[in-house]
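Asks: Structure below; questions to follow.
Protein chains: 2
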Amino acid sequence: MGISPKQFEQLQSRVRGAARRSSPSTPEVAPTAPRSHEIILGVDPSLRGTGYGVIRAAKPQPATLAHGTIACPTDWERSRCLAKIHATLREVIRAHQPTVCIVEGLFFAQNLQTAIIMGEARGAALVAMAEAGLEIFEVAPRKVKQAIVGYGAAQKLAVAKMVQRMLQLAELPKPDAADALALALTHAQTAGRYSVEGPKRV
Amino acid sequence: MGISPKQFEQLQSRVRGAARRSSPSTPEVAPTAPRSHEIILGVDPSLRGTGYGVIRAAKPQPATLAHGTIACPTDWERSRCLAKIHATLREVIRAHQPTVCIVEGLFFAQNLQTAIIMGEARGAALVAMAEAGLEIFEVAPRKVKQAIVGYGAAQKLAVAKMVQRMLQLAELPKPDAADALALALTHAQTAGRYSVEGPKRV
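Those sequence lines, one after another, are chains X and W.
If you want the working numbering, it's the position in the first sequence, counting the first as 1, plus 93.
If you want the working numbering, it's the position in the second sequence, counting the first as 1, plus 93.
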């Protein structure tokens, strides 16, 4: 990313200008300053199918660096799945060097046992991010849908279609990967805007 | 652990004999064969205070190799705690080379949010064990109390005192570490015995 200090200043002022236009009440210094070069890792953790997506928050539109699903067969022991989630995300982080991570936040589990298993998958994912020293934020699924589709109760397919369009992907991303890309896009959209209810740091 | 094949046979027959006395229907070959040289890591995961204990299942009595609590201040972000749990357990495993891990199993959480956070801590711990290629088993707290104190609803202090006695520790172990040592001791006790309801592999 060869960029001169002058180019960087120009970019910064352009980004600030854009933020002002889109939201007149935005203060000069936003709580999370917009970084147009930011590389964002979104992760939707689950034991058998963790989705991940890496985007570069470039202008005029974000670029997709990687996306996929960490699939674990149902006959694998839980601990083996967790080790794979951790190892795969560590490799994704090594390869794409994200600067910030977004994890799907508060959700509803059917029962305590399900909640614990979902928590285990989140734990494996969070360890990979935290040991790389990355900033981690949680975003609630409803907020992601609101940001991407404009409707908090949107269907999974609607999210995937909008993600495909926003990132100009040749194919419709698989549901788990689409959710992860949506998380990253949500952060890219909201990071430059002033928000009373900022993202929750994990 | 210098032990001749003859001594090993004697030990094995003694263990089998003991098992037969306590449970007349025990078959000659137990499903999990007794291994007197086994090094057992017990872990009681929790976000702010994960207990761990390593014992060698030696005769006539087990030896304590290490025990402690992975403490994380309440002002630490969750992800930082998870990274510390993972890193500390990885170091404990490297230092003591356990052959099997026992994790506190099914338990009750007050609500879904608590269950997810408990699950995250479990996930961080399980990743450290699984990436070392170790066998992992879950044991329910009630079974640990039953095995150590002989009473499934025993108080924490009763467990700690019995652990101290069984391992001839100079001081009473801290509650989290005592629970972890109790998990390891439970495995050491039950591994040689026939059980219809064997330990649950995670």
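The beta-carbon is built from N, C-alpha and C at its ideal position, and this holds for glycine as well.
(1) Classify ALA263 (chain X): buried if its beta carbon has 16 or more other beta carbons within 10 angstroms, exposed otherwise.
(2) Rounded C-beta distance between LEU205 (chain W) and LEU219 (chain X)? I'm assuming under 8 Å.
(3) With the cut-off set at 9 Å, would you say ALA271 (chain X) and VAL242 (chain X) are in Cβ contact?
(4) Check whether the stretch 189-204 of chain W and the stretch 182-198 of chain X touch, using three or more Cβ-Cβ pairs below 8 Å as the test.
(5) Under a Cβ-count criterion, where at least 16 other Cβ atoms within 10 Å of its own Cβ denotes burial, should ALA275 (chain X) be classed as buried or exposed?
(6) In terms of DSSP beta bridges, what is GLY135 (chain X) paired with?
(7) Spatial neighbours of VAL295 (chain X) within its chain, please: CB distance less than 6 Å, with the 5 preceding and 5 following residues excluded, ordered by chain position.
(8) Can you grab the Cα-Cα spacing for the pair CYS194 (chain X) / GLN282 (chain X), in whole Å?
(9) Three or more C-beta pairs closer than 8 Å, one from the stretch 155-173 of chain W and one from the stretch 162-180 of chain X: is that the case here?
(10) Find the residues of chain W that neighbour HIS280 (chain X), judging by a C-beta separation of less than 9 Å, and give them in chain order.
(11) What three-state label does DSSP hand ARG171 (chain W) in the structure shown?
(12) Looking at the ligand SAM, does it come within less than 8 Å of ILE229 (chain X), judged from the CB to the closest heavy atom?
(13) Do you know whose CA, among W:GLU184, W:HIS160, W:ILE209 and W:GLY212, lies nearest VAL256 (chain W)'s CA?
(14) Does the CB of GLU224 (chain X) have a neighbour CB from chain W at under 9 Å?
(15) Distance check for THR192 (chain X) and PRO153 (chain W), CA to CA, integer angstroms please.
(16) Starting from LEU297 (chain W), follow the beta strand (DSSP E) in both directions and report where the run begins and ends.
(17) Applying the 10 Å Cβ sphere with the 16-neighbour rule, what's the burial state of ALA156 (chain X)?
(18) Enumerated in chain order, which unbroken segments of the alpha helix (DSSP H) with a length of 4 residues or greater are wholly contained in the stretch 203-243 of chain W?
(19) Does ARG187 (chain X) get closer than 9 Å to chain W when you measure Cβ to Cβ?
(20) Mind checking if VAL136 (chain X) is an interface residue toward chain W, Cβ cutoff 9 Å exclusive?
(21) Bridge partners for LYS254 (chain X) per DSSP, in chain order?
(22) Go ahead and pull the three-state DSSP assignment for LYS177 (chain W).
(23) Could you tell me which chain X residues have their CB closer than 7 Å to the CB of SER172 (chain W), listed as they occur along the chain?
(24) Answer with buried or exposed for LYS177 (chain W), where buried requires no fewer than 16 other C-beta atoms within 10 angstroms of its C-beta.
(25) Within the 9 Å Cβ cut-off, does MET211 (chain X) reach chain W?
Replies: In brief:
(1) For the purposes of this step, residue 263 (chain X) is identified with residue 170 of the first sequence, where counting begins at 1. Its Cβ having fewer than 16 others within 10 Å, ALA263 (chain X) is exposed.
(2) Your numbering for residue 205 (chain W) matches position 112 in the second sequence. Your numbering for residue 219 (chain X) matches position 126 in the first sequence. At roughly 18 Å, the Cβ-Cβ gap does not stay under 8 Å, so LEU205 (chain W) and LEU219 (chain X) are not in contact.
(3) Start at 1 with the first residue of the first sequence, and residue 271 (chain X) comes out as number 178. Start at 1 with the first residue of the first sequence, and residue 242 (chain X) comes out as number 149. Contact: no.
(4) Using a Cβ-Cβ distance cut-off of 8 Å, the stretch 189-204 of chain W and the stretch 182-198 of chain X are not in contact, since fewer than three pairs of beta carbons, one from each stretch, lie closer than that value.
(5) On the first sequence, position 182 is the one that residue 275 (chain X) refers to. Buried is the call here.
(6) One-based indexing of the first sequence puts residue 135 (chain X) at position 42. Residue pairing by DSSP places GLY135 (chain X) opposite X:GLY146 and X:ILE195 in a beta bridge.
(7) Counted from its first residue, the first sequence places residue 295 (chain X) at position 202. Excluding sequence neighbours, VAL295 (chain X) sits near ILE229 and GLU231.
(8) Taking the first residue of the first sequence as 1, we reach residue 194 (chain X) at position 101. Taking the first residue of the first sequence as 1, we reach residue 282 (chain X) at position 189. Going from the Cα of CYS194 (chain X) to the Cα of GLN282 (chain X) covers about 14 Å.
(9) Counting C-beta pairs with one atom in each stretch, the stretch 155-173 of chain W and the stretch 162-180 of chain X have fewer than three that are closer than 8 Å, which means they do not touch.
(10) For this step, residue 280 (chain X) is matched to residue 187 along the first sequence. Under the 9 Å cutoff, chain W gives no residues; its nearest Cβ is about 16 Å from HIS280 (chain X).
(11) Taking the first residue of the second sequence as 1, we reach residue 171 (chain W) at position 78. ARG171 (chain W): helix per DSSP, three-state reduction.
(12) For the ligand SAM, the structure offers nothing, since it holds no ligand at all.
(13) What you label residue 256 (chain W) is simply residue 163 of the second sequence in a count that begins at 1. Answer by Cα proximity: W:HIS160.
(14) In the first sequence, residue 224 (chain X) corresponds to position 131, counting from 1. At least one chain W Cβ lies under 9 Å of GLU224 (chain X).
(15) By 1-based counting over the second sequence, the position of residue 153 (chain W) is 60. By 1-based counting over the first sequence, the position of residue 192 (chain X) is 99. Spanning the two alpha carbons is a distance of roughly 55 Å.
(16) Nothing can be reported for residue 297 (chain W), as the shown portion of chain W is limited to 94 through 295.
(17) To locate residue 156 (chain X), count along the first sequence from 1; it is residue 63. Looking at its Cβ environment, which holds fewer than 16 other Cβ atoms inside 10 Å, ALA156 (chain X) is exposed.
(18) 205-224 and 234-241
(19) As a working note, residue 187 (chain X) is residue 94 in the first sequence. False, the Cβ-Cβ gap to chain W never drops below 9 Å.
(20) Counting from 1 along the first sequence, the entry for residue 136 (chain X) is found at position 43. No, its Cβ sits nowhere closer than 9 Å to a Cβ of chain W.
(21) Here the question's residue 254 (chain X) lines up with position 161 in the first sequence. DSSP lists no partner for LYS254 (chain X).
(22) What you label residue 177 (chain W) is simply residue 84 of the second sequence in a count that begins at 1. Helix, per DSSP.
(23) Taking the first residue of the second sequence as position 1, residue 172 (chain W) is located at position 79. Near SER172 (chain W) (Cβ distances below 7 Å), the residues of chain X are LEU219, MET222, ALA223, ILE229 and VAL295.
(24) Counting from 1 along the second sequence, the entry for residue 177 (chain W) is found at position 84. LYS177 (chain W) is buried by the Cβ-count criterion.
(25) The residue given as residue 211 (chain X) occupies position 118 in the first sequence. MET211 (chain X) counts as touching chain W.
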